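When we follow the working numbering, the leftmost residue of the sequence shown carries the number 17, and every step to the right adds one.
Glycine residues also receive a C-beta, built at the ideal position from the N, C-alpha and C atoms.
As the structure is a computational prediction, the values presented were derived from the model and not from experiment.
Each remark here refers to the structure printed beneath this line.
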Amino acid sequence: MEEVRRRQGGIIYLVPEIALTPQLLTRLKERFGNENIAVLHSGVSRAIRYEQWQRLRRGEMHMAVGVRSALFAPVRDLKLIIVDEEHDASYKQDDRLPYSARDLAIVKGRLHGATVVLGSATPAVQTSFNARNGKFSCLSIPGRIADRPLPRVEIVDMKMEKALQGKNAFTIFSRRLTAAIRETLDRKQQVMLLLNRRGYHTFQICRDCGHPLKCRNCEVSLIQHAQEGVWKCHYCDYTLAGGLVCSRCNSANIGVYGMGTELLEEEITNRFPAARIRRMDSDTMDRKGAHEQLLNALGQDRIDILVGTQMISKGHDFPNVTLVGVILADTSLSLPDFRAAERTFQLLTQVSGRGGRGDFPGKVIIQTFNPNHYAIRKAKDHDYDGFYEEEISLRESLFYPPFSRLIHLRLSSIHQAKGEDGINRLAERARELLELARVRGKVEIVGPAEAPLFRLRGRYRWQLLLKGDDSRFLHALTRDILSGFHAPGVQIKVDVDPVHFM
Ligand SMILES: [Zn+2]
Ligand SMILES: [Zn+2]
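This is the structure:
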């Protein structure tokens with residue numbers, strides 16, 4: 017960055033989340049004190065964003081910092097684009113115009129003759145693949161700052177734990193984790209606990225007829241938010257106050273199960289009443305400045321235990337955090353997504369890296385029902401290369417990226433029958449056209465299938481996946497499939513290189 021600035025070049029610096037910009041800005045100001053830095057994200061008012069945009073365009077500012085959309089900033093003489101935490105899925109925008117800011121950074125860099133730096137401690141498999149094949153050059157930082165040792169990671173097998181605790185006395189806190197929290201608090205050090213689910217109870221079943229209760233508009237469970245006294249859908253705006261009633265048999269005898277961060281916070285408070293406990297998730301962090309306040313409190317040792325979602329795994333440096341506990345590593349493993357193992361490995365490695373950044377060695381305890389899964393074993397051993405080798409050979413045998421490109425066709429309708437008819441005809445048309453085409457490379461059509469969240473915001477959803485190793489052919493095929501295809505009452509969205517599959 018210094019070199020680029022010395023030559024009067026422009027810089028774009030992307031981070032995955034708005035919450036990470038204050039910390040980054042502080043560091044950039046320490047280093048480049050006399051620079052005016054544009055900050056571009058939706059937390060900045062439109063008027064200020066507009067003014068910064070104009071100043072960048074006129075060449076009065078040369079550095080832009082922000083989330084994915086900051087990639088489009090009109091920085092003059094652009095010479096460097098940095099994509100920090102490049103593996104992060106939030107670089108992909110799904111709604112409106114789908115794009116990946118990480119992939120577009122490469123394209124923009126090429127157009128401007130700028131260098132692109134993709135930074136990560138857990139690079140995306142795709143990125144590593146490009147580095148290993150010489151498409152990207154790889155610069156590695158093999159050691160931790162000041163040669164600090166990596167934290168020691170222990171895995172607790174929750175199947176065994178369940179057997180030992182007894183089925184009826186089973187709690188989600190293993191004896192190992194409970195003891196480690198106590199020891200850490202006794203040493204006046206800090207604890208972080210990760211659970212990747214918000215809310216209090218996370219699903220409900222009718223005790224009379226066994227029917228699982230769902231959102232009125234979506235095929236998902238409602239999530240209880242106890243402090244607000246409501247049940248909420250995390251996908252649409254549906255909120256239910258008052259008692260639950262079974263939609264099938266009208267019974268009010270409803271069992272509530274599952275633990276979210278709100279319940280975790282309550283249970284940990286019951287166990288450690290003297291500890292100062294705070295929670296970090298999008299429910300507690302929606303107020304402006306809340307995130308910074310909480311991180312300041314953690315940095316000043318005014319918090320003993322921080323409970324939170326994956327938000328706590330990102331980019332924070334707290335030397336007195338010496339224990340990191342992962343309550344359930346399995347939540348992301350079971351997602352219907354070919355990147356589920358990659359995401360799990362990244363999350364575990366990132367959150368593990370939060371511990372032991374100061375003078376005290378860190379410890380990480382991962383609770384899981386799948387202790388032998390390679391994503392968990394390799395995260396335990398801090399073995400990125402080992403994970404990559406297992407993952408890449410699976411990807412190759414299943415013809416998934418980086419060995420193929422994907423185009424995801426998503427069809428939705430408020431009418432189930434119209435949607436079903438639409439997706440069946442779309443899939444039929446795709447297969448017919450593929451048969452007639454002069455196929456380049458290998459091509460597979462997967463589906464049609466119901467989307468994992470079959471009903472969302474009142475719409476029924478289906479998907480068709482095109483896989484191929486020649487992206488130009490895949491694009492041409494998609495254009496042919498869609499041109500002249502009419503289905504009344506349905507909406508079709510095309511997502512090239514999809515990242516989210518729900
Ligand atoms: Zn019922
Ligand atoms: Zn809903």
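Using a 10 angstroms sphere on the CB of Glu19, the tally of other CB atoms stays under 16, which defines it as exposed. Under the Cβ criterion (8 Å, minimum of three pairs), the region 213-222 counts as touching the region 264-283. By the rule of a C-beta closer than 5 Å to any heavy atom of ligand 2, the residues picked out are Cys231, Asn233, Cys234, Cys249, Tyr251, Cys252 and Tyr254. Close CB contacts of Arg118 within its chain, under the 6 Å cut and outside five residues either way in sequence, are with Val99, Glu102 and Tyr107 (chain order).
Each of Cys222, Asp224, Cys225, His227, Cys262, Arg264, Cys265 and Ser267 has a C-beta closer than 6 Å to some heavy atom of ligand 1; these make up the full list, in chain order.
In the DSSP annotation of this structure, the continuous segment of the beta strand (DSSP E) that includes Arg471 starts and ends at Val459 to Leu472. Buried is the label assigned to His424, since at least 16 other Cβ atoms lie within 10 Å of its Cβ. Take Trp247, set aside five residues on each side of it, and the residues of its chain with a beta-carbon closer than 6 Å to its own are Leu238, Gln240 and Leu256, in chain order. Contact check for Val169 against Ala391 fails: the beta carbons are separated by 9 Å or more. Around the beta-carbon of Pro32, 16 or more other beta-carbon atoms lie within 10 Å, marking it buried. Its Cα nearest to that of Gly82, the residue Leu36 stands out among Leu36, Asp111 and Pro114. Straight across, the Cα-Cα distance linking Ala195 with Glu283 is about 15 Å. The C-alpha of Val141 lies about 46 Å from the C-alpha of Gly259. Counting only the Cα atoms, Gly435 lies some 14 Å from Glu444. Rounded to the nearest whole angstrom, the CA to CA distance from Thr138 to Gly505 is 43 Å. Here the alpha carbon of Arg84 sits roughly 26 Å from the alpha carbon of Gln479. If you look at Ser429, you'll find it in the beta strand (DSSP E) that goes Arg421 to Ser429.
Across the structure, Ala105 and Pro468 are spaced so that their CA atoms are roughly 18 Å apart. Residues of the same chain with a CB within less than 7 Å of the CB of Lys509, apart from the 5 flanking positions on each side, are Arg426 in chain order. Spatial neighbours of Val132 in its own chain (CB-CB distance under 6 Å, excluding positions within 5 residues in sequence) are listed in chain order as Ile97, Ala121, Ile122 and Gly125.
Assignment of Ala54 by DSSP, reduced to helix, strand and coil, places it in the strand class. Secondary structure at Asp333: coil, using DSSP grouped into helix, strand and coil. Around the beta-carbon of Lys304, fewer than 16 other beta-carbon atoms lie within 10 Å, marking it exposed. The three-state secondary structure of Phe288, taken from DSSP, is coil. Residue range Arg191 to Asp202 is occupied by the alpha helix (DSSP H) that includes Leu201.
Taking a 10 Å sphere around the C-beta of Arg411, we find 16 or more other C-beta atoms and assign the residue as buried.
In the assembly as shown, Glu281 is a buried residue. Its beta-carbon has 16 or more other beta-carbons within 10 Å. Phe517 and Asp353 have their C-alpha atoms spaced approximately 6 Å apart. Ala80 sits close to Gln68, with the two beta carbons spaced by under 9 Å. The beta-carbon separation of Thr338 and Thr200, rounded to 6 Å, stays under the 8 Å limit for a contact. With contacts defined as CB atoms closer than 9 Å, Leu211 and Ile381 fail to qualify as a contacting pair. Burial of Arg421 is indicated by the presence of at least 16 other C-beta atoms within 10 angstroms of its C-beta. The three-state secondary structure of Ser237, taken from DSSP, is coil.
In this structure, the straight-line span from the alpha carbon of Lys230 to that of Asp224 is close to 16 Å.
Scanning Phe419, Arg214 and Val455 for the CA closest to the CA of Asn149 turns up Phe419. Only residues of its own chain outside the window of five on either side were considered, and among them Lys394 have a CB closer than 6 Å to the CB of Gly402, listed in chain order.
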